[in-house]
Each structure stands twice: as C-alpha cells, then as structure tokens.
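Report on the structure given below.
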Ligand SMILES: [Zn+2]
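Residue numbers (the numbering used here): 2 to 76.
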C-alpha cells in the first residue's frame with residue numbers, strides 16, 4: 002500500500018503561535034501578520050502603554066474626596 006500522491010499546491014500552514022494579549026487577556030496571533038503583537042489590536046497596544054504610564058503617576062487611593070466630611074466650614 003502506498004499513499005496517493007497529493008499535489009501540494011498550497012504551502013502548509015505554519016504553526017501560528019497564539020499569545021494572550023497583555024491588555025485584554027484575549028488570545029491573539031503572534032506572527033508577522035499581527036503588527037500589534039503581542040497585543041491583539043492597536044487599541045490594546047495603546048492601552049497597555051497608557052497603563053504603563055499611569056502606573057508611574059497613579060494617585061494614592063486614600064486621597065480624601067471633595068465632600069462635606071472634614072470641611073471646617075460645616076463645623
Ligand atoms: Zn487585546
């Protein structure tokens with residue numbers, strides 16, 4: 002028995018790596034076809050850069066909100 006000779010016209014699909022987008026955690030293509038790798042889109046690429054920036058300039062969470070509490074004028 003022998004395998005029937007198949008004419009390979011199309012190049013076999015290369016193993017496409019998939020990675021999780023660091024921004025939205027969704028699977029995206031990690032290949033030259035994805036210019037935004039390892040992100041899934043330009044939006045996520047920008048968002049991640051924004052996250053990096055805001056990471057450095059994050060405001061402390063214990064900043065007192067502007068409210069009636071603690072306002073000396075009400076005491
Ligand atoms: Zn994404």
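Even for Gly, the Cβ is constructed at its ideal location relative to N, Cα and C.
Asked: Reduced DSSP category for residue 45 - H, G, I as helix; E, B as strand; rest coil; Found: helix
Asked: Buried/exposed call for residue 24, threshold 16 Cβ in 10 Å; Found: buried
Asked: beta-carbon residue 40 near ligand 1 non-hydrogen atom, thresh 8 angstroms; Found: yes
Asked: Per-residue DSSP class, three states only, for residue 22; Found: coil
Asked: Anticipated Cβ contact below 8 angstroms, residue 22 with residue 39, distance rounded; Found: 7 angstroms
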